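Undergrad: So in the numbering used here, spot 30 of the sequence shown is number 1175, and the numbers just go up one at a time.
Using N, Cα and C, we set each Cβ at its ideal position, and we do this for glycine too.
Here the structure is a predicted model, which is why all the values come from computation and not from measurement.
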Amino acid sequence: MATDTLKSTSSAESATGGLRRLLLDNGALTALIVLVIAMSALSGDFLTTDNLLNVGVQAAVTAVLAFGVTFVIVSAGIDLSVGSVAALSATVLAWSATSHGVPVLIAVLLAVVTGIAAGLVNGFLIAYGKLPPFIATLAMLSVARGLSLVISEGSPIAFPDSVSHLGDTLGGWLPVPVLVMVVMGLLAAFVLARTYIGRSMYAIGGNEEAARLSGLRVKKQKLAIYALSGVFAAVAGVVLAARLSSAQPQAADGYELDAIAAVVIGGASLAGGTGKASGTLIGALILAVLRNGLNLLNVSAFWQQVVIGVVIALAVLLDTLRRKAGATPVAGASQGGKGRQAATYGLAAVVTVAIVGATSFLHNGSSSTANPKVGLSLSTLNNPFFVQIRSGAQAEAKKLGVDLTVTDAQNDASQQANQLQNFTSSSLGAIIVNPVDSDAASNSVKAADKAKIPVIAVDRGVNKASVDALVASDNVAGGELAAKTIGEKLGGKGKIVILQGQAGTSAARERAQGFAQGLKAYPGIQVVAQQPADFDRTKGLDVMSNLLQAHPDVQGVIAANDEMALGAIKALGSKAGTSVSVVGFDGTPDGLNAVKDGTLYASVAQQPSQLGKIAVDNALKALEGKKVEETIKVPVKVVTKENVAGFTG
C-alpha cells in the first residue's frame, strides 16, 4: 500500500516535472501559442487568411536577418551591423542595375558579395584585430549606412522589376518573402546541425579556448561565421527593398536589435553555445504577431515599444531560469530528442488550432459598430507637425462619428508597409497615409486599391499608385517661399547655411529643391554649407554648432522644419534674431512662439491641423462613395512677427 502511494506520488511529481521541463525547454513556442490565442480572442480581424499571411511577410525580413545573427550569437559574438549591411547590399543592387546597366543577375551577386565583404571585415577586426565584437560591428553599422547614403546620394533608388517580384505573391496568395524566409531558415538549420562550421560555432561559443586547444582554427571559423551573417543580411536587404520597390538608404534602421531580440526570444543564450534556427523563427514570429496584433487593437506605437521591450526582458529571464533548472540545451539533440521535439511542435500546432478555432466563435455573429472605420498611418509622431496632423484628424473624426485608428511608422518605410497591410486585411473602410517615402508606399497602396479600400494621401503623395485624393501643401513652393523670405531679409546679399531634413525622405528632397529654385533669384546669396540634421532639434543644435566653427560670419539659416530651426537658434545664442536671421518650416506651436519672441524670423506654416481635418473629411466622402477632388491644396503662409498674432494654424 505504501509502495503504491510512493509510486503514485513519484509519478505525479515526474509528470509535474516533465511538464515544467517541457515549458522551460519550449518557452518561446509556448509564448507564441499564448499570443496567437490571445490575439484571436481580442481581435476578430487577427484570425483571417490575409492577416496571417501579413504576419508571415512582416516576420520575413527580421527572421532572415536573425538567422544570420544566430550563427554569431551561438559562437558567443554579436553583430550590430546587419541592418546597415542589408541597406547597403540593396543599394548596391539597385545602383548597379538601374544607374549603370549591370545585368540583374550580376547585380544580385554584387549585393551578396557586398554582404560577404562586410562580414569578412567584421570577422577580421574581431579575430585578428582583437576588437570586441560589439565595437567592430558598431563601426561597420556606421560605415555601411554611410556608404549606402553616399552611393544613393540620400535618395531611394528604384528596384529592377525582375527583382521586385520577390515582394509579390505566387498564385495570387502566397507571399514570396515567406518562401524566402522558409528557405533561408532551412539553410540556417542545415548549417547549424549538419556542417563542420555549425559544430564549430557551438564549440567556440561553449568554450573558445577549449575549442582552440582541440585543434579548431578559431580565427578562420570566425571569419566564416561573420561572412555567413553578411550573406543573410544581404538577402534580407534584397527582400525588404523588393517589398518597397526601391532601395532605401535608411532602410532596416534598428533592425539589428529586432534580429538579436528574435534570437534571444527563440532560446539562444548571449553567453554562446546554444541556439537553433527553429527557435529564431519562433522569436521573429512572436515579434511580428505582437506588432500586428497591437496594430489591430489600436494600441499606441509608443506602448508597442514598451510591450516589446518587456517581452525581450522576459525572454532573457526565461533563458536564465532554464539554465538554472538544467533544461535541455538546444545546441544539439539526439535522434530521440529530435523526435520528441517534432512531436512537441505537432502537439502545439494541434492545441493552437483547436483553441483558436474555439475562440473564433467569440467573434461570430457579433454586430459590427455602426461607426465607419478609418486608419491613419503617419510617418512619425516624434515631430510636432505630425502630432498636429493627428490632433486635427482625431478632432474631426470625433465630430463626424468616425472610429480612427492611428499608427506611427517611426520614419521606417518597411514598418509603414506592415501597418498598411494590417489596415488592408482588417475591417477598415478607408485609409489615410502620410508616406515615409512616396515610392516605398506604392505597393501597399496598390494592395488597398485592389481590395477596393479608398486611400487618401496627406502631406506627401504616393508615386506609381492611385490614391483617391492628395491633401497637401506644396513642399517645393514652400521651399521657394523660405528662400524668398531669407533673400529679402538679407537684401539679396549674404552668407547662409541650409539644414536639410532626413536623407531619403520625400519632404527633405522637395523642400531642398524649393530652396535651390528660390535662391536662383538671389545670386548675391552664398550658401556656405548644407548639412542634414534629420528634422531633429538636437541634431539641428549639434550641426549648427559645428558649422559655426567653420563659418562664424554666417548671416542666415534656412531649416527644412521648425525643429531644426529651433536647434539652430539655440546654437546661435544671442545672434539669433539679431545678426543672424533664421527661417523655419511647418508653423509648429514652438516655432510660432519663437517667431513671437523674435528669435525665429519666419516660419513657412502649413496648417497641419487643417491637413488632418480635411484628410478625414475626404476619407469619409470616399468611403460613402461620394466624389472627392484628386488634389486638395492647403495653402502655405509665411508667418513673421508682424502677422503671427492672427495665425491660427
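Just to check my reading of the structure: residue 1594 and residue 1610 have Cβ atoms closer than 8 Å, yes? What is that Cβ distance to the nearest angstrom?
TA: The residue labelled residue 1594 in the question sits at position 449 within the sequence shown. The residue labelled residue 1610 in the question sits at position 465 within the sequence shown. The Cβ separation is near 7 Å, so the contact holds.
Undergrad: Leaving out five residues on either side along the sequence, give the residues of the same chain with a beta carbon under 7 Å from the beta carbon of residue 1658.
TA: Position 513 of the sequence shown holds residue 1658. These residues qualify, in order along the chain: 1621 and 1624.
Undergrad: Hey, quick one: how far does the beta strand (DSSP E) through residue 1776 stretch, first residue to last?
TA: Translated into the one-based positions of the sequence shown, residue 1776 becomes position 631. It spans 1776-1778 - the beta strand (DSSP E) in which residue 1776 sits, taken as one unbroken run.
Undergrad: Taking the alpha helix (DSSP H) that residue 1552 falls in, what are its first and last residues?
TA: Mapped onto the sequence shown, residue 1552 falls at position 407. Note, residue 1552: premise wrong, no alpha helix (DSSP H); beta strand (DSSP E) at 1548-1553.
Undergrad: Would you mind reading off the limits of the alpha helix (DSSP H) that contains residue 1533?
TA: As a first step, residue 1533 must be located in the sequence shown, where it is residue number 388. Its alpha helix (DSSP H) spans residues 1529-1545.
Undergrad: Let me know the secondary structure DSSP gives residue 1349 once reduced to three states.
TA: Counted from its first residue, the sequence shown places residue 1349 at position 204. Reduced to three states, the DSSP call for residue 1349 is helix.
Undergrad: With DSSP as the reference, please indicate the residues paired to residue 1601 in a beta bridge.
TA: Within the sequence shown, residue 1601 is the residue found at index 456, counting from 1. DSSP output for residue 1601 lists 1577 and 1614 as bridge partner(s).
Undergrad: Using CA atoms only, rank isn't needed, just tell me which of 1729, 1713 and 1192 is closest to residue 1438.
TA: Taking the sequence shown and counting its residues from 1, one reaches residue 1438 at position 293. Out of 1729, 1713 and 1192, 1192 has the C-alpha closest to the C-alpha of residue 1438.
Undergrad: Inspect the beta-carbon positions of residue 1795 and residue 1429 and report whether they are closer than 9 Å.
TA: Lying before the first or after the last residue shown, residue 1795 is absent from the chain, which here runs from 1146 to 1794.
Undergrad: Quick one: Cα of residue 1639 to Cα of residue 1690, how far?
TA: Walking along the sequence shown from the start, residue 1639 turns up at place 494. Walking along the sequence shown from the start, residue 1690 turns up at place 545. Using only the alpha carbons, I get a separation of about 19 Å.
Undergrad: Give me, in chain order, the residues of the same chain whose beta-carbon lies closer than 6 Å to that of residue 1311; leave out the 5 immediate sequence neighbours on both sides.
TA: Mapped onto the sequence shown, residue 1311 falls at position 166. So the list reads 1321, 1384 and 1387, once near-sequence residues are dropped.
Undergrad: Quick one: using the 10 Å Cβ neighbour count with 16 as the cut-off for buried, is residue 1784 buried or exposed?
TA: The residue given as residue 1784 occupies position 639 in the sequence shown. It counts as buried.
Undergrad: Rounded to whole angstroms, what's the CA-CA distance from residue 1278 to residue 1779? Just pull it up for me.
TA: As a working note, residue 1278 is residue 133 in the sequence shown. As a working note, residue 1779 is residue 634 in the sequence shown. Taking the straight line from one Cα to the other gives about 51 Å.
Undergrad: Quick check: residue 1722 and residue 1631, are their CB atoms within less than 9 Å of each other?
TA: Stepping through the sequence shown from its first residue, residue 1722 is reached at position 577. Stepping through the sequence shown from its first residue, residue 1631 is reached at position 486. Not a contact, by the Cβ cut-off of 9 Å.
Undergrad: With residue 1376 and residue 1268 assumed to form a contact (beta carbons below 8 Å), what rounded beta-carbon distance in angstroms separates them?
TA: In the sequence shown, the residue the question calls residue 1376 occupies position 231. In the sequence shown, the residue the question calls residue 1268 occupies position 123. 12 Å between Cβ atoms; not a contact.
Undergrad: Give me, in chain order, the residues of the same chain whose beta-carbon lies closer than 7 Å to that of residue 1730; leave out the 5 immediate sequence neighbours on both sides.
TA: For this step, residue 1730 is matched to residue 585 along the sequence shown. Answer for residue 1730: 1623, 1627, 1656, 1704, 1705, 1706, 1707, 1748 and 1749, listed in chain order.
Undergrad: Return yes when the Cβ of residue 1235 is within less than 9 Å of the Cβ of residue 1396, no when it is not.
TA: In the sequence shown, counting from the first residue as 1, residue 1396 sits at position 251. In the sequence shown, counting from the first residue as 1, residue 1235 sits at position 90. Their beta carbons are under 9 Å apart, which means residue 1396 touches residue 1235 by this criterion.
Undergrad: Which ranges does the alpha helix (DSSP H) cover as unbroken runs of at least 4 residues, wholly within the segment 1362-1398, from first to last along the chain?
TA: You should have 1363-1389.
Undergrad: What is the rounded straight-line gap between the Cα of residue 1643 and the Cα of residue 1604?
TA: The residue given as residue 1643 occupies position 498 in the sequence shown. The residue given as residue 1604 occupies position 459 in the sequence shown. When rounded, the distance between both Cα atoms is 22 Å.
Undergrad: If you compare alpha carbons, which of 1741, 1431, 1588 and 1782 is closest to residue 1208?
TA: Indexing the sequence shown from 1 puts residue 1208 at position 63. Of the listed residues, the one whose Cα sits closest to residue 1208 is 1431.
Undergrad: Per the DSSP calculation, residue 1645 is bridged to which residue(s)?
TA: Residue numbering aside, residue 1645 sits at position 500 when the sequence shown is read from its first letter. DSSP lists 1677 as partners of residue 1645.
Undergrad: Hey, how far is the Cα of residue 1412 from the Cα of residue 1536?
TA: Taking the first residue of the sequence shown as position 1, residue 1412 is located at position 267. Taking the first residue of the sequence shown as position 1, residue 1536 is located at position 391. For residue 1412 and residue 1536, the distance between alpha carbons rounds to 42 Å.
Undergrad: Report yes or no: do the segment 1360-1371 and the segment 1246-1257 share at least 3 C-beta pairs separated by less than 8 Å?
TA: No, they do not touch.
Undergrad: How would you call residue 1448, buried or exposed, if buried means at least 16 neighbouring beta carbons within 10 angstroms?
TA: Taking the first residue of the sequence shown as position 1, residue 1448 is located at position 303. By the neighbour-count rule (16 or more Cβ atoms within 10 Å), residue 1448 is not buried but exposed.
Undergrad: Three-state secondary structure (DSSP) at residue 1237?
TA: Residue numbering aside, residue 1237 sits at position 92 when the sequence shown is read from its first letter. Residue 1237 falls in the helix class under three-state DSSP.
Undergrad: Thinking C-alpha only, which one of 1355, 1399 and 1787 is nearest residue 1558?
TA: Against the sequence shown, residue 1558 aligns to sequence position 413. Looking at the Cα atoms, 1399 is the closest of the given residues.
Undergrad: Please state whether the Cβ-Cβ distance between residue 1227 and residue 1381 is less than 9 Å.
TA: Numbered from 1 along the sequence shown, position 82 holds the residue referred to as residue 1227. Numbered from 1 along the sequence shown, position 236 holds the residue referred to as residue 1381. Closer than 9 Å, so yes.
Undergrad: Could you give the DSSP three-state label for residue 1314: helix, strand or coil?
TA: Stepping through the sequence shown from its first residue, residue 1314 is reached at position 169. Of the three classes helix, strand and coil, the one that applies to residue 1314 here is strand, per DSSP.
Undergrad: Using 10 angstroms around the beta-carbon of residue 1365, count the other beta-carbons present and answer buried if the total reaches 16, otherwise exposed.
TA: Sequence index remark: in the sequence shown, residue 1365 carries index 220 (1-based). Its Cβ having fewer than 16 others within 10 Å, residue 1365 is exposed.
Undergrad: From 1766, 1788, 1665 and 1635, pick the residue whose C-alpha is nearest to that of residue 1727; which is it?
TA: Working through the sequence shown from its first residue, we reach residue 1727 at position 582. The shortest Cα separation from residue 1727 among 1766, 1788, 1665 and 1635 belongs to 1635.
Undergrad: Buried or exposed for residue 1317, please, with buried defined as at least 16 other CB atoms from any protein chain shown within 10 angstroms of its CB.
TA: Position 172 of the sequence shown, counted from the start, is the residue given in the question as residue 1317. When all chains shown are included, residue 1317 counts as exposed.
Undergrad: By the three-class DSSP mapping on this structure, what secondary structure does residue 1178 have?
TA: Reading the sequence shown from its first residue, position 33 is the one you call residue 1178. Looking at residue 1178 - three-state DSSP - the assignment turns out to be helix.
Undergrad: Starting from residue 1269 and walking both ways along the alpha helix (DSSP H), at which residues does that stretch end?
TA: Numbered from its first residue, the sequence shown carries residue 1269 at position 124. Where residue 1269 is concerned, the enclosing alpha helix (DSSP H) stretches over 1249-1272.
Undergrad: Out of 1257, 1530, 1276 and 1200, state which residue places its alpha-carbon closest to the alpha-carbon of residue 1223.
TA: Indexing the sequence shown from 1 puts residue 1223 at position 78. Out of 1257, 1530, 1276 and 1200, 1276 has the C-alpha closest to the C-alpha of residue 1223.
Undergrad: Buried or exposed for residue 1734, going by 16 or more other Cβ atoms inside 10 Å?
TA: In the sequence shown, residue 1734 corresponds to position 589, counting from 1. Exposed, because fewer than 16 other Cβ atoms sit within 10 Å of the Cβ of residue 1734.
Undergrad: Excluding the five sequence neighbours on either side, which residues of its own chain have a C-beta within less than 6 Å of the C-beta of residue 1406, listed in chain order?
TA: Translated into the one-based positions of the sequence shown, residue 1406 becomes position 261. For residue 1406, where only same-chain residues beyond five positions count, the Cβ hits under 6 Å are 1457.
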